[in-house]
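Chains as they are written, first to last, in my numbering: chain A, 1 to 321; chain Y, 1 to 321.
Number of protein chains: 2
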Amino acid sequence: MHSFELLSQKFALHFDVRHFPEDPATLYEPNEYFLKLGGKRIRPVLCLMGNELFGEITEDAWHVGTAIELFHNFTLIHDDIMDKAPLRRGMETVHIKYSENTALLAGDVMLVKAYEELNKISLEHLKPILSLFNRTATEVCEGQQMDMDFETMDIVSMDAYLRMIELKTSVALAASLQTGAILGGSGERNQNLLFEFGRKLGIAFQVQDDYLDAFGDPEKFGKQTGGDILANKKTFLLLHALECAKSEDRKELITLLKGNPRDKVEKVLNIYKACKVDEWAMQLKNKYFEEALKHLDDIAVISRRKVPLRELAVFLLKRDY
Amino acid sequence: MHSFELLSQKFALHFDVRHFPEDPATLYEPNEYFLKLGGKRIRPVLCLMGNELFGEITEDAWHVGTAIELFHNFTLIHDDIMDKAPLRRGMETVHIKYSENTALLAGDVMLVKAYEELNKISLEHLKPILSLFNRTATEVCEGQQMDMDFETMDIVSMDAYLRMIELKTSVALAASLQTGAILGGSGERNQNLLFEFGRKLGIAFQVQDDYLDAFGDPEKFGKQTGGDILANKKTFLLLHALECAKSEDRKELITLLKGNPRDKVEKVLNIYKACKVDEWAMQLKNKYFEEALKHLDDIAVISRRKVPLRELAVFLLKRDY
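Here it is, written out as structure tokens:
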């Protein structure tokens, strides 16, 4: 049994190689540049942990982990184009450093590379892994589309927002765990429980992310709070406030969203506090966190095997920064 | 044994269904719109023909054909973004009708859909088909990148241009045939010969395309000639003329490329004729055409089975319009 920390280090070493050929350099150098920007490599490590929950980590899990991480980087390169993001991890994004066309094509070939890596696994697992991978990849695209659609919508229901977060973020975490479970020889029931553990953990994490952006301690959080508010980003907090704020506060909130007054963050936070969005968000996070742990509990393997996943969940979700 | 014509009709019927779910409509409606624009569906039919060269057409060939056509449409949607093309088959391209972001994401999800279709084939063929598909997809991306790189280069060698055409166009045709051969149970030697048949046919077709754009009969060709010349497009003809024209003609050609005088097409054509680029191109086309047929001859199956492929080759390359 290995901790997230340790598997993280192992995977970083494994992944820290050249992935693409030399030529054409105009296509592949951007990809190598982007992969070298690093990242927490959470998804592939979840695959390894999902595997180890049921048995020894197999050769296949390293391939699937690599494919998952390549896929994740493909989505980042293309998302950065769509979001017109200038920076990623403090460095220039691919479309800024090279060109939009190059970023588009570099992303495409990165996705194909992910499938090439998947094709290295043993034949017995190929179909179910491909099937799960394809479904998840499709859902991630659907989530990104919904997210873009929401940007131009005045009203988004909490249900629709939750579904978007699920598709854009949670299913990839959940599916990473499930691929590992498949490779570890898990039955379907345990696979589904592990998927649900990941899905709910992902939602809880997003709620926490939204919460910290508004109410986090800037010193511990590492960045100024209120970024989402200034960007008029739809968040769990904003949508809930729009639903539950008193009539006057609601009107003010809508007015604030349309402009950019100096004291926007302060005023929005005051409205949030008035309708207790902060307490609600903490409760919502805890609800999903507890449900996630319940799913983990229900998985039919000896408890000792669950320790690293439980520790990871606590580490990710029990911080106030 | 079926002719290209007949298989074309059969595939069109097979492919003319809804491929994507309803929701989110903002993502999938653009895909359905684009697929409905039609097309010659050459690549999937090559897969069916490659299959039938060695045996009865299998269920798998329809899946692989569908995957190949979805992949082709993915490349078209993304290429149109990169080329800033307003029209495709006389209709608005996806990025114009919807948005660039939508076109990007619609293309992405179309590629994933292609892999989903591949995952439907029988397990015994999955690995080799995926492997060939991935290699080809990668090469098509490389070819597109080279094509973009060439746009801003003053000098492109004939070898580099030929390689670009191979990657961007020929390998997809060749690989489509080869997937069919794999599914038909062909051995490696025959597979390779069929691939080479397709690769050389593809090059011959591109040479002919370049030739007709300059020297075709506008009435038979269906469009005004000289389009490539006006667009300063690198073609087999231009690169050869730059290599073989007399010193003065070469200088004039380079000057013509830098401007857009009224009589540009006429003047460039005169230079082409002076160094006999037209004759050279016809010879080059015939050379690749003959080599392609030679590879077909060398495939170890009874001659009768080769008739549809031979007829297709003649149909595609023995026209003067």
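Cβ atoms here follow ideal geometry from the backbone N, Cα and C, with glycine treated the same way.
- DSSP places Arg-199(Y) in the uninterrupted alpha helix (DSSP H) bounded by 188-215.
- Counting the other Cβ atoms within 10 Å of the Cβ of Gln-208(Y) gives 16 or more, which makes it buried.
- Exclusion of the five residues before and after Gly-38(A) leaves Arg-89 as the residues of its chain whose Cβ lies within less than 7 Å of its Cβ.
- Taking C-beta atoms under 8 Å as the contact rule, Gly-198(Y) and Leu-46(Y) qualify, at a distance of about 7 Å.
- The stretch 293-321 of chain A is shown to contain no whole beta strand (DSSP E) run of 3 or more residues.
- Per DSSP, the unbroken alpha helix (DSSP H) holding Ala-274(A) starts and ends at 264-274.
- Distances from the CA of Asp-213(A) to each of Ala-231(A), Glu-196(A) and Leu-201(A) were compared; the closest alpha carbon is that of Ala-231(A).
- A residue is called buried when at least 16 other Cβ atoms come within 10 angstroms of its Cβ; Gln-178(Y) meets this threshold and is buried.
- Per the coordinates, the alpha-carbon of Arg-189(Y) lies some 9 Å from the alpha-carbon of Ala-300(Y).
- Within chain Y, no residue has its beta carbon less than 9 Å from that of Pro-86(A); the closest one is some 16 Å off.
- The criterion of a C-beta distance shorter than 7 Å is not satisfied by Leu-162(Y) and Ala-61(Y).
- Look at Ser-157(A): its C-beta is not under 7 Å from any C-beta on chain Y.
- 7 Å or more divides the Cβ of Met-110(Y) from the Cβ of Asn-192(Y).
- Residue-level contact check: His-78(A) touches chain Y, since one or more beta carbons of chain Y fall below 7 Å from its beta carbon.
- With respect to the C-alpha of Asn-270(Y), the residue from Leu-70(Y), Leu-6(Y), Glu-248(Y) and Ala-313(Y) having the closest C-alpha is Glu-248(Y).
- A residue is called buried once 16 or more other Cβ atoms fall within 10 Å of its Cβ, and Met-146(A) is buried on that count.
- Neighbours of Asn-119(A) in chain Y, taken as residues at a C-beta separation under 7 Å, are given in chain order as Lys-127, Leu-130, Ser-131 and Asn-134.
- DSSP, read as helix, strand or coil, puts Met-282(Y) in helix.
- At the C-beta level, Met-158(Y) and Leu-239(Y) come within 7 Å of one another.
- Sixteen is the threshold: when 16 or more other Cβ atoms of the shown chains lie within 10 Å of the Cβ of Arg-43(Y), as they do, the residue is buried.
- DSSP places Leu-53(A) in the coil class of the three-state scheme, outside both helix and strand.
- Looking from the CA of Arg-18(Y), the closest CA among Phe-34(Y), Asp-278(Y), Leu-6(Y) and Ser-3(Y) belongs to Phe-34(Y).
- Judged by their CB atoms, Leu-237(Y) and Ala-281(Y) are nearer to each other than the 7 Å cut-off.
- Classified as buried, Glu-52(A) has 16 or more neighbouring CB atoms from the shown chains inside 10 Å of its CB.
- Neighbours of Thr-225(Y) in chain A, taken as residues whose beta carbon is under 7 Å from its own, are absent, since the nearest beta carbon is some 29 Å off.
- Judged by DSSP secondary structure, Arg-18(A) falls outside any alpha helix (DSSP H); it is assigned neither H nor E.
- Within the stretch 111-175 of chain Y, no complete beta strand (DSSP E) segment of 3 residues or longer occurs.
- If you look at His-240(Y), you'll find it in the alpha helix (DSSP H) that goes 236-244.
- Taking C-alpha positions only, Met-153(A) is separated from Leu-123(Y) by approximately 45 Å.
- By the Cβ-count criterion, Arg-41(A) is buried, with 16 or more other Cβ atoms from all chains shown falling within 10 Å of its own Cβ.
- For Leu-37(Y), the three-state secondary structure derived from DSSP is coil.
- Not a single CB atom of chain Y sits nearer than 7 Å to the CB of Val-140(A).
- Residue state for Met-1(Y) is assigned as coil, using DSSP reduced to three classes.
- The beta carbon of Met-1(A) sits closer than 8 Å to those of Glu-52, Arg-304, Arg-305, Val-307 and Pro-308, all from its chain and outside the five residues before and after it, given in chain order.
- Using a Cβ distance threshold of 7 Å, Ser-170(Y) and Ile-68(Y) do not count as a contacting pair.
- Here Arg-89(Y) carries a coil assignment [DSSP, helix/strand/coil].
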